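Visitor:
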Amino acid sequence: MIVSLKEIFAALRQYKLIWFFAWGDVLARYKRSALGPWWITISTALGVLCLGIIWGALLKSDGANIFPILAIGLVLWQFISGCLVEASSVFTRQGNVIRNMPVPFAIFPFQLVAKRLIDMAHNSLVVVVVLVFFSSGLSWVALLAIPGLILAVANMIWIVMLIGLVGARYRDVEPLINAFLPMLFFITPVMYRTSHLGHLEFVAMLNPLSHFINLVREPLLNVVPTAQAYIVALLVLMFGFLITLWVYKISRQNLAFWM
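The numbering used here applies: residue 1029 is where the sequence shown begins, and numbers increase by one.
#1: Please classify residue 1160: is it buried, with 16 or more other beta-carbons within 10 angstroms of its beta-carbon, or exposed?
#2: Are residue 1279 and residue 1193 closer than 9 Å when you measure CB to CB?
#3: Contact check, residue 1099 vs residue 1158 under 8 Å by CB: the rounded distance?
#4: Check whether the Cβ of residue 1086 lies closer than 9 Å to any Cβ atom in chain D.
#5: Assuming the contact rule is C-beta atoms closer than 8 Å, residue 1169 and residue 1250 should be a hit. Round their C-beta distance to whole Å, please.
#6: I'd like the list of long-range same chain contacts for residue 1177, defined as Cβ closer than 8 Å, with 5 residues on each side in sequence excluded.
#7: Applying the 10 Å Cβ sphere with the 16-neighbour rule, what's the burial state of residue 1147?
#8: I'd like the list of long-range same chain contacts for residue 1272, defined as Cβ closer than 7 Å, with 5 residues on each side in sequence excluded.
#9: Go ahead and label residue 1184 buried or exposed: buried means 16 or more other beta carbons lie within 10 angstroms of its beta carbon, across all protein chains shown.
#10: Using the rule of at least 16 other Cβ atoms within 10 Å of the residue's Cβ for burial, across every protein chain shown, is residue 1111 buried or exposed?
#11: Let me confirm a value: residue 1203 is counted as buried when at least 16 other C-beta atoms fall within 10 Å, else exposed. Which label applies?
#12: Is it the case that the Cβ atoms of residue 1219 and residue 1097 are separated by a distance below 9 Å?
#13: Specify the secondary structure class of residue 1242 as computed by DSSP and reduced to three states.
#14: According to the neighbour-count rule (16 or more other Cβ atoms, all chains shown, within 10 Å of its Cβ), is residue 1269 buried or exposed?
#15: I'd like to know whether the C-beta atoms of residue 1143 and residue 1053 end up nearer to each other than 9 Å.
#16: In the structure shown, what three-state DSSP assignment does residue 1084 receive?
#17: Quick check on the burial criterion: 16 or more other C-beta atoms within 10 angstroms. Buried or exposed for residue 1151?
#18: For residue 1128 and residue 1033, I'd like the C-alpha separation in whole angstroms.
#19: Assign residue 1175 to one of three DSSP states: helix, strand, or coil.
#20: Please report the Cβ distance between residue 1154 and residue 1216, rounded to the nearest whole angstrom; I am assuming they are in contact, meaning their Cβ atoms lie under 8 Å.
#21: I'd like to know whether the C-beta atoms of residue 1141 and residue 1103 end up nearer to each other than 9 Å.
#22: My parser needs the alpha helix (DSSP H) runs of 4 or more residues fully inside the region 1119 to 1156; what are they?
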């Protein structure tokens, strides 16, 4: 495991290369496009607007209660789901590089998460606009969103790496994730808060993604996250990284042959 940990730190030291590759992926996706990555923001804004109107009508609730929850939830979900969808092929897409260049394999999960962070940075403009129009104002509690986001991102790194390693060996992982992602969307508090579930709140609490979202969204709604959310996120991070280091240790020698 020590070797695996050293390789992860070696990948982190190449942070400039990670961000360079991440920006390259984003720009390549929107090559010859006039608005480029801002299409992500437009798409998110339209989604929040349409869902906010429909959701508000169904729940008979005003925009101040619906739009902030939706905007923050959707932006965070796009980051999480984007990481999950591409995670299974995070190594196989880089097969030529892995076979021919002496780079730490761990650099590729970092690259994917960095790319999704760039997308989320563009989408955060939607959150800012929604909070300006529908929020009563932010307090010091909003600063708690920063450590919450750090915890969420750190967890997504090991999740992407673990899924990528398993996905390189077993190609059924990608369709499996795509099959379960819609269900995961509904049991994750993206369009609602866990408190809205009443006696079924425990169902959402069993989902670690719920805690990741709550740690970021609740402070932006001027609510201090529960100690349970921090404890769960930290425990998932600790055990997740240990499992990922072990899988990385037994997989790294064969990774090039699985491409």
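Glycine is no exception: its CB is placed at the ideal position from the N, C-alpha and C atoms.
Everything numeric in this text was worked out from a predicted model, so none of it was measured.
Guide: Let's see:
#1: That one is exposed.
#2: Yes; because the gap between Cβ atoms is below 9 Å, this pair is in contact.
#3: 4 Å
#4: Here chain D cannot be found, since the structure has a single protein chain.
#5: 5 Å
#6: For residue 1177, where only same-chain residues beyond five positions count, the Cβ hits under 8 Å are 1243, 1244.
#7: Buried.
#8: 1186, 1189, 1190
#9: buried
#10: buried
#11: exposed
#12: yes
#13: The DSSP-derived three-state label of residue 1242 is helix.
#14: So residue 1269 counts as buried.
#15: yes
#16: helix
#17: Counting Cβ neighbours within 10 Å, residue 1151 comes out buried, since at least 16 surround it.
#18: 22 Å
#19: helix
#20: No, residue 1154 and residue 1216 are not in contact; Cβ-Cβ is about 19 Å, not under 8 Å.
#21: no
#22: Counting only runs of 4+ residues, the alpha helix (DSSP H) found wholly inside the region 1119 to 1156 occupies 1123 to 1128, in chain order.
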